[in-house]
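Chemist: Here it is: the structure, laid out below.
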Amino acid sequence: MSDNRNTILAVILSGLVLLGWQYFFNIPQMEKQRAIQQAQQETAKQQAPTQTPPAAATPGAPNAPAAPGAPTANAPANRQAANAPVVSREAAIAASPRIKVETPRLDGTISLKGARIDDLSLSQFRETVDPKSPPIHLFSPSGSANPYYAEFGWVGAAGSNVKLPDQNTLWEQEGSGALTPANPVTLKWDNGEGLTFRRQIAVDDRYLFTIKDDVTNVGGGPLTLYPFALISRHGTPHVEGYYILHEGLIGYLGEHGLQEYGYAKIDEAKTIGFKATNAWMGITDKYWASALLPDPAAQLQARFSSNQVGTTRTYQTDYLEDAKTVPIGGTATATARLFAGAKEARVVGINFPFAGLGGYNQQLGLNHFDLLIDWGWFYFITKPMFLALDFFFHLIGNFGFAILAVTVLVKLIFLPLANKSYASMAKMKAIQPQLAALKERHPDDKVKQQQEMMEIYRKEKINPVAGCLPVLLQIPVFFSLYKVLFVTIEMRHAPFIGWIHDLSAPDPTNVFNLFGLIPFDPTSIPVLGHYLVLGAWPLVMGFTMWFQMKLNPQPPDPTQQMIFAWMPVIFTFMLAHFPAGLVIYWAWNNTLSVAQQAYIMRRNGVKVELFDNLKSSFSKKKRTA
Numbered sequence: 001m002s003d004n005r006n007t008i009l010a011v012i013l014s015g016l017v018l019l020g021w022q023y024f025f026n027i028p029q030m031e032k033q034r035a036i037q038q039a040q041q042e043t044a045k046q047q048a049p050t051q052t053p054p055a056a057a058t059p060g061a062p063n064a065p066a067a068p069g070a071p072t073a074n075a076p077a078n079r080q081a082a083n084a085p086v087v088s089r090e091a092a093i094a095a096s097p098r099i100k101v102e103t104p105r106l107d108g109t110i111s112l113k114g115a116r117i118d119d120l121s122l123s124q125f126r127e128t129v130d131p132k133s134p135p136i137h138l139f140s141p142s143g144s145a146n147p148y149y150a151e152f153g154w155v156g157a158a159g160s161n162v163k164l165p166d167q168n169t170l171w172e173q174e175g176s177g178a179l180t181p182a183n184p185v186t187l188k189w190d191n192g193e194g195l196t197f198r199r200q201i202a203v204d205d206r207y208l209f210t211i212k213d214d215v216t217n218v219g220g221g222p223l224t225l226y227p228f229a230l231i232s233r234h235g236t237p238h239v240e241g242y243y244i245l246h247e248g249l250i251g252y253l254g255e256h257g258l259q260e261y262g263y264a265k266i267d268e269a270k271t272i273g274f275k276a277t278n279a280w281m282g283i284t285d286k287y288w289a290s291a292l293l294p295d296p297a298a299q300l301q302a303r304f305s306s307n308q309v310g311t312t313r314t315y316q317t318d319y320l321e322d323a324k325t326v327p328i329g330g331t332a333t334a335t336a337r338l339f340a341g342a343k344e345a346r347v348v349g350i351n352f353p354f355a356g357l358g359g360y361n362q363q364l365g366l367n368h369f370d371l372l373i374d375w376g377w378f379y380f381i382t383k384p385m386f387l388a389l390d391f392f393f394h395l396i397g398n399f400g401f402a403i404l405a406v407t408v409l410v411k412l413i414f415l416p417l418a419n420k421s422y423a424s425m426a427k428m429k430a431i432q433p434q435l436a437a438l439k440e441r442h443p444d445d446k447v448k449q450q451q452e453m454m455e456i457y458r459k460e461k462i463n464p465v466a467g468c469l470p471v472l473l474q475i476p477v478f479f480s481l482y483k484v485l486f487v488t489i490e491m492r493h494a495p496f497i498g499w500i501h502d503l504s505a506p507d508p509t510n511v512f513n514l515f516g517l518i519p520f521d522p523t524s525i526p527v528l529g530h531y532l533v534l535g536a537w538p539l540v541m542g543f544t545m546w547f548q549m550k551l552n553p554q555p556p557d558p559t560q561q562m563i564f565a566w567m568p569v570i571f572t573f574m575l576a577h578f579p580a581g582l583v584i585y586w587a588w589n590n591t592l593s594v595a596q597q598a599y600i601m602r603r604n605g606v607k608v609e610l611f612d613n614l615k616s617s618f619s620k621k622k623r624t625a
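Rendered as structure tokens:
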């Protein structure tokens, strides 16, 4: 019964892991390759993106003002020519006067034309593990291949013909100097009709911009204006394509809760509108994001939208605040905030009891801004896993050793359950002679066998399913570590020791070219190349799994023997595609399990058969030869 149970459990778990690998890794990889090929075909004929076309009025807006960032149809000057040539990012930046942005984590410029924040690079993050590789470019201006920017301003009431600043307005800087955490900048524009617009832009030492807009009215009558803010992204971005990761439009919109729309989903919906308070909204990639962070008390009419302009798809998230009246001789003020940077947990603010990381979520009183990081449905597992890894990283200074420390911590937490399980397994081995004798006494009476077997279990106080606990306990830990390695930027390009320079990427070595000694890439072989991936750490993991299985006696059934013999091989090749940090965890966990199980077996007077089983395995091979 025990052997059959273990066999069934092993087959089910192997099948689940294989199906999960196929669904979460293999299929997305193929889709990713197809997407890259399509993108390469379309790049040659891609035209320059244009501004968002005229849109319908925001639902429910007082006096039906035009939607944010959508000039009325009779304002063609506000639209970029659809057939304008695409220029390089550098040329697009040089096409307009700009103010330099210099912070410890951001480099870039703000365009005086339109006062857009449209040129930002993350100076602390590189495209590859090579520190000399280019920095990550987050925002890019219009005219470049993939414009991505934030814009702020005012919208007039329906029917109003007041002259307001738009994307073509040329602002003037009051004073001089770059935008730094210690030096905000102020922009000014006079519409020549009695309205003066001033915009103060401040930035902190991380990724937060604060935009304060003032409108002074010395005209002939009071004026009603609506503050807006938007983030626009032109062209469908390349996404990882994994089910467990959201990339696209995202926001926490008050009572509507968390809203996530992938690019394909918003393409179908076209426009999604919300009335909300205590909200934020933005666009997220795997590791980077931009988000609008209005005052939590502001009444918003928020929107996610997708529009087709020529051959280019544009994506936008925006909001419109309630009207503000600017009296004669008076001033109206609107304040907005923009997050543009890396999704660092300590910066975003992880909302978890006793976390104490104090990011923007807590500092600004935001509504679940920590969900900008995709913790998943099992956040109650993934967040504690990240917190533990983060704690040990700041204690040790290396995420690889932090994984080893967390593995030991998890082992200690589940030590009572595991000890009970291994003790039960040891007792099961001790009664194997009794069970064998029982089968000999009743070779044809299965019912009698089961009855006497259960009586033996009761007498010896053995729980026959206790042996499943170590495997079952490992599943949520494995999943949570995989999720943390996959989605958190802290793990990106995090080195271990030796040849592991990125714990979130697979082991770069390959046994099929003798770990680099042969100048040949086995993965380049057509059809078979995808399967010829087997690094050093997956081999170590496979051997530790094999040792753990050899700790137990061989099952009598030949089918079971074959399953257990091939399981380490299957898992070795399968985990070769997984992040190196996950493989290191599994290898270390197997090693600890072998030591723990051997110790408990000795305590229970059961012989540790590891070396005997290893010796018999090799001797069998010799006899077969």
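Using full-length UniProt numbering, you'd call the opening residue of the sequence shown number 1 and step up by one each time.
C-beta: ideal position from N, C-alpha, C; glycine also.
In this text, all values refer to a predicted model and were calculated from it rather than measured experimentally.
(1) With C-beta atoms as the reference, is residue 236 less than 7 Å away from residue 157?
(2) For residue 278, which residues of its own chain have a beta-carbon under 7 Å away from its beta-carbon, when the five flanking residues on both sides are left out?
(3) Span of the alpha helix (DSSP H) holding residue 640?
(4) Leaving out the 5 sequence neighbours to the left and right, which residues in its chain are closer than 6 Å to residue 298 when beta-carbon positions are compared?
(5) Output needed for residue 545: all residues of its chain with C-beta closer than 7 Å, excluding positions within five of it in sequence on either side, in chain order.
(6) Are the CB atoms of residue 406 and residue 388 within a distance shorter than 7 Å?
(7) Along the chain, which unbroken stretches of the alpha helix (DSSP H) at least 4 residues long are found entirely within the region 461-508?
(8) Would you call the region 92-104 in contact with the region 168-183, where contact means no fewer than 3 C-beta pairs closer than 8 Å?
(9) Are residue 202 and residue 292 closer than 7 Å when you measure CB to CB?
(10) Name the DSSP beta bridge partners of residue 398, please?
(11) CB residue 503 to CB residue 402, shorter than 7 Å?
(12) List, from N- to C-terminal side, the alpha helix (DSSP H) runs of 4 residues or more that fit wholly inside the region 253-337.
(13) By the three-class DSSP mapping on this structure, what secondary structure does residue 126 have?
(14) Pick helix, strand or coil for residue 172, following the three-state DSSP scheme.
(15) Tell me, please, which residues DSSP counts as bridged to residue 188.
(16) Taking 6 Å as the cut-off, is the CB of residue 85 close to at least one heavy atom of the ligand ZN?
(17) Between which two residues does the beta strand (DSSP E) carrying residue 226 extend?
(18) Could you tell me the alpha carbon to alpha carbon distance between residue 547 and residue 595, rounded to whole angstroms?
(19) Let me know the secondary structure DSSP gives residue 435 once reduced to three states.
(20) Quick check on DSSP: helix, strand or coil for residue 521?
(21) Taking the alpha carbon of residue 421 as the point to measure from, which residue in 461, 437, 392 and 386 has its own alpha carbon closest?
(22) Cα separation between residue 666 and residue 304?
(23) Out of 374, 347 and 375, which one is the CA nearest neighbour of residue 362?
(24) Within 10 angstroms of the Cβ of residue 565, are there 16 or more other Cβ atoms? Answer buried if so, exposed if not.
(25) With distances taken Cα to Cα, identify the nearest neighbour of residue 381 among 390, 484, 106 and 210.
(26) Going straight from the alpha carbon of residue 529 to that of residue 314, what length do you get?
(27) From the DSSP output, read off the bridge partner residues of residue 111.
(28) Which term fits residue 374, buried or exposed, when burial requires 16 or more other beta carbons within 10 angstroms of its beta carbon?
(29) Tell me whether the beta-carbon of residue 211 lies closer than 7 Å to the beta-carbon of residue 323.
(30) Classify residue 142 as helix, strand or coil using the three-state DSSP reduction.
(31) State the Cα-Cα distance for the pair residue 588 and residue 478, rounded to the nearest angstrom.
(32) Between residue 509 and the rest of its own chain, which residues show a CB-CB distance below 7 Å, the 5 nearest in sequence each way excluded?
(33) For residue 250 and residue 364, I'd like the C-alpha separation in whole angstroms.
(34) Can residue 575 and residue 583 be called in contact, C-beta distance under 7 Å?
(35) For residue 539, tell me which candidate among 518, 526, 559 and 573 has the shortest Cα-Cα distance.
(36) Pull up the CB-CB distance for residue 286 and residue 344, whole angstroms please, since I reckon it's below 8 Å.
Modeler: Checking against the coordinates, here is how it stands:
(1) Working through the sequence shown from its first residue, we reach residue 236 at position 236. Working through the sequence shown from its first residue, we reach residue 157 at position 157. Inclusion of residue 236 and residue 157 in the CB contact set at 7 Å is not warranted, their separation being larger than that value.
(2) The residue given as residue 278 occupies position 278 in the sequence shown. Same-chain partners within the cutoff: 254, 296 and 367.
(3) Past the edges of the chain, shown from 1 to 625, lies residue 640, and the structure says nothing about it.
(4) Position 298 of the sequence shown holds residue 298. When the five nearest sequence neighbours on each side are left out, the beta carbons in the same chain lying within less than 6 Å of the beta carbon of residue 298 are those of 321, in order along the chain.
(5) The sequence position of residue 545 within the sequence shown is 545, counting from 1. So the qualifying residues of the chain are 568, 571 and 590.
(6) On the sequence shown, position 388 is the one that residue 388 refers to. On the sequence shown, position 406 is the one that residue 406 refers to. At a Cβ-Cβ threshold of 7 Å, residue 388 and residue 406 count as neighbours.
(7) The qualifying runs are 469-487.
(8) A contact exists between the region 92-104 and the region 168-183.
(9) Residue numbering aside, residue 202 sits at position 202 when the sequence shown is read from its first letter. Residue numbering aside, residue 292 sits at position 292 when the sequence shown is read from its first letter. No; because the gap between Cβ atoms is not below 7 Å, this pair is not in contact.
(10) Translated into the one-based positions of the sequence shown, residue 398 becomes position 398. Answer is none; residue 398 lacks a bridge partner.
(11) Against the sequence shown, residue 503 aligns to sequence position 503. Against the sequence shown, residue 402 aligns to sequence position 402. Against a cut-off of 7 Å, the Cβ pair of residue 402 and residue 503 comes out as no contact.
(12) As for any alpha helix (DSSP H) of minimum length 4 sitting wholly inside the region 253-337, the runs are 263-269, ordered along the chain.
(13) Translated into the one-based positions of the sequence shown, residue 126 becomes position 126. Per DSSP, reduced to three states, the secondary structure at residue 126 is strand.
(14) By 1-based counting over the sequence shown, the position of residue 172 is 172. Judged by DSSP in its simplified three-state form, residue 172 adopts strand.
(15) In the sequence shown, counting from the first residue as 1, residue 188 sits at position 188. Per the DSSP secondary-structure output, residue 188 pairs in a beta bridge with 172 and 198.
(16) With respect to the ligand ZN, the structure offers nothing, as it holds no ligand at all.
(17) Residue 226 sits at position 226 when you count from the first residue of the sequence shown. Start and end: 223-234.
(18) Here residue 547 corresponds to residue number 547 of the sequence shown, with the count starting at 1. Here residue 595 corresponds to residue number 595 of the sequence shown, with the count starting at 1. Their Cα atoms are separated by approximately 11 Å.
(19) Counted from its first residue, the sequence shown places residue 435 at position 435. Of the three classes helix, strand and coil, the one that applies to residue 435 here is helix, per DSSP.
(20) Here residue 521 refers to the residue found at position 521 of the sequence shown. When DSSP states are grouped into helix, strand and coil, residue 521 belongs to the coil group.
(21) Taking the first residue of the sequence shown as position 1, residue 421 is located at position 421. Taking only the C-alpha atoms, the option nearest residue 421 is 461.
(22) A question about residue 666 goes unanswered here, because the residues of the chain that appear run from 1 up to 625.
(23) The count along the sequence shown starts at 1 and reaches residue 362 at position 362. Looking at the Cα atoms, 347 is the closest of the given residues.
(24) For the purposes of this step, residue 565 is identified with residue 565 of the sequence shown, where counting begins at 1. It is exposed - the Cβ of residue 565 has fewer than 16 other Cβ atoms within 10 Å.
(25) Taking the first residue of the sequence shown as position 1, residue 381 is located at position 381. For the set 390, 484, 106 and 210, the Cα lying nearest the Cα of residue 381 is the one of 484.
(26) Within the sequence shown, residue 529 is the residue found at index 529, counting from 1. Within the sequence shown, residue 314 is the residue found at index 314, counting from 1. Using only the alpha carbons, I get a separation of about 37 Å.
(27) If you number the sequence shown from 1, residue 111 lands on position 111. Answer by DSSP bridge pairing, in chain order: 98.
(28) One-based indexing of the sequence shown puts residue 374 at position 374. Result: buried.
(29) Against the sequence shown, residue 211 aligns to sequence position 211. Against the sequence shown, residue 323 aligns to sequence position 323. Contact: no.
(30) By one-based count along the sequence shown, residue 142 stands at place 142. Correct three-state label for residue 142: coil.
(31) The residue you call residue 588 lines up with position 588 of the sequence shown. The residue you call residue 478 lines up with position 478 of the sequence shown. Those two C-alpha atoms are separated by around 12 Å.
(32) The sequence position of residue 509 within the sequence shown is 509, counting from 1. 499, 515, 516, 535 and 536.
(33) Position 250 of the sequence shown, counted from the first residue, corresponds to residue 250. Position 364 of the sequence shown, counted from the first residue, corresponds to residue 364. Across the structure, residue 250 and residue 364 are spaced so that their CA atoms are roughly 19 Å apart.
(34) As a first step, residue 575 must be located in the sequence shown, where it is residue number 575. As a first step, residue 583 must be located in the sequence shown, where it is residue number 583. A contact, by the Cβ cut-off of 7 Å.
(35) Within the sequence shown, residue 539 is the residue found at index 539, counting from 1. Relative to the Cα of residue 539, the nearest Cα in the group 518, 526, 559 and 573 belongs to 573.
(36) Taking the first residue of the sequence shown as 1, we reach residue 286 at position 286. Taking the first residue of the sequence shown as 1, we reach residue 344 at position 344. Contact doesn't hold; Cβ gap of about 13 Å is too wide.
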